[in-house]
Structure formats: structure tokens, C-alpha cells
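Notes to accompany the following structure.
Numbering (the numbering used here), first residue to last: 3 to 177.
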């Protein structure tokens with residue numbers, strides 16, 4: 003298997019650095035976004051005012067936002083209900099199931115969809131399997147749930163291989 007399957011299309015500091023004008027300029031009309039450590043800190047399910055402002059910016063620009071999370075329905079629903087964001091739970095990333103469900107449910111065009119997440123091993127891999135563009139963001143907090151710690155270790159090795167193949171990879175303030 004080629005290391006390319008873990009290479010993100012873009013790398014930005016945080017989901018909030020994705021600006022509506024830049025997304026539109028790149029032909030993006032729908033953002034699929036991971037929940038934990040991407041949209042909200044995994045250990046703070048209530049979100050932030052910054053999240054509300056970002057979601058408002060997407061709504062005003064008519065850009066759809068759908069959370070695609072491996073978490074269970076109850077956990078995702080609790081986290082996003084106050085923000086009025088649709089979601090797919092039990093997405094089974096790194097497989098394409100959740101992304102494909104979102105694309106089919108909402109009738110998105112794959113060329114106009116981007117997946118945003120904080121993990122190469124799940125979010126970026128799933129986007130490749132689904133044939134859509136991806137954005138890797140830095141995790142919102144440095145601590146992880148126990149199951150993510152294993153992925154982070156493997157991810158560091160994969161990231162090093164990506165840099166060996168493509169040169170220094172760096173996070174930017176937008177796409």
C-alpha cells in the first residue's frame with residue numbers, strides 16, 4: 003500500500019481556519035468534519051463560541067456542515083444538538099462508510115466535498131477511500147482518549163514517512 007493514502011490534500015491549524023470564501027474558491031459546498039479534537043475537544047463536549055461563529059459563517063455562505071464521527075449516536079447527538087448540525091455516527095473510519103452515507107443522504111457531489119479531521123489513520127484515510135479531498139488539522143487538545151493514543155503513535159511513524167517522500171509538511175492558516 004502506498005503512503006499516499008494518508009496524505010492530506012490540505013493541512014490547516016484548526017477547523018476555524020477554514021474560511022467560507024476560500025472553500026467556495028476551491029469549489030467546496032460541503033464540509034464533513036470529525037467531532038473529537040477537530041470540532042470540539044474530546045473532553046469538553048460543549049464546544050466554544052469560536053465553533054458557533056465558524057458554523058454561522060458556513061451557514062451564511064450556504065456551505066453544508068455534517069459531523070462524521072466514529073462515536074455512538076447518543077454522544078454525537080449530545081455534542082452537536084445545540085448547534086443544529088446534522089451528523090453521521092458510528093462512521094467506521096478509516097473505512098468510507100460514514101462519508102459515503104453523508105454524501106448519499108444529502109446528495110453532495112464528491113468533487114465539492116471536503117473531510118476535515120485530526121487523524122491521518124482515520125479521517126484522512128477514509129477521505130481517500132471515499133474519493134474526496136481532505137484537510138488535516140492539529141488536535142484541539144494534546145490529550146487523547148486511550149484508543150486514540152495507539153493511533154497517534156502509528157501516525158507519527160506515517161507522518162515521518164510522508165515527510166521523507168514529500169518534504170516538510172506544515173500546517174497553514176487556511177487553504
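Ideal Cβ positions, reconstructed from N, Cα and C, are used throughout, including at glycine.
{"Asked": "Beta-carbon contacts of residue 36 that lie in its chain and below 7 Å, excluding the five residues immediately before and after", "Found": "70, 71, 118, 119, 120, 125"}
{"Asked": "Distance CB(residue 130)-CB(residue 17) smaller than 7 Å", "Found": "no"}
{"Asked": "Alpha carbon of residue 103 to alpha carbon of residue 33, nearest angstrom", "Found": "14 Å"}
{"Asked": "Run of the beta strand (DSSP E) containing residue 222, from where it starts to where it stops", "Found": "Residue 222 lies beyond the range of the chain shown here (3 to 177); nothing can be said about it."}
{"Asked": "As assigned by DSSP and simplified to three states, the class of residue 94", "Found": "coil"}
{"Asked": "Identified DSSP bridge partners for residue 5", "Found": "None; residue 5 has no bridge partner."}
{"Asked": "Simplified DSSP assignment, three categories, for residue 32", "Found": "strand"}
{"Asked": "Residue range of the unbroken alpha helix (DSSP H) whose run includes residue 25", "Found": "22-27"}
{"Asked": "Close beta carbons around residue 112, own chain, < 8 Å, minus the five adjacent residues each side", "Found": "105, 132, 133, 134"}
{"Asked": "Sequence-distant residues of its chain with Cβ nearer than 7 Å to residue 19 (five each side left out)", "Found": "175, 176"}
{"Asked": "Straight-line Cα distance separating residue 9 from residue 31", "Found": "22 Å"}
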